[in-house]
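Residue numbers (the working numbering): 5 to 125.
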């Protein structure tokens, strides 16, 4: 059974209250906020772990929804920076690998700029 955060907070408050420990609603709210912050930190750590992944050939989805195909990785001749060479629609582009794997802020929260699309083979 999946409970919402509000239900968990309510249950915790009731357990504490009826278990003989009276606690203020402010204290329970601080527990809820701390729990939410912990969950967000866990999610960000998982995203950060994923951002270290090796970029391979294949199809990726941009966080805005478009699909592109990674052709290869290359090294910039002047800066020696690793680049990702990819095709989007009819154009071939190059983007620094550090940008490829970075985490971006979106209206839906933090997410990877590109996510590999696993083939259904």
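Ideal Cβ positions, reconstructed from N, Cα and C, are used throughout, including at glycine.
Judged by DSSP secondary structure, residue 84 falls outside any alpha helix (DSSP H); it is assigned neither H nor E.
The Cβ atoms of residue 75 and residue 64 lie no closer than 8 Å to each other. Under the three-state reduction of DSSP, residue 96 is assigned to strand.
Ranked by how close their Cα comes to the Cα of residue 117, the residues 32, 71, 85 and 81 have 71 in first place. A distance below 8 Å separates the beta carbons of residue 77 and residue 101.
Under DSSP, residue 68 forms no beta bridge with any residue. Where residue 8 is concerned, there is no enclosing beta strand (DSSP E), because DSSP gives it neither an H nor an E. Remark: C-beta atoms of residue 9 and residue 40 approach each other more closely than 8 Å.
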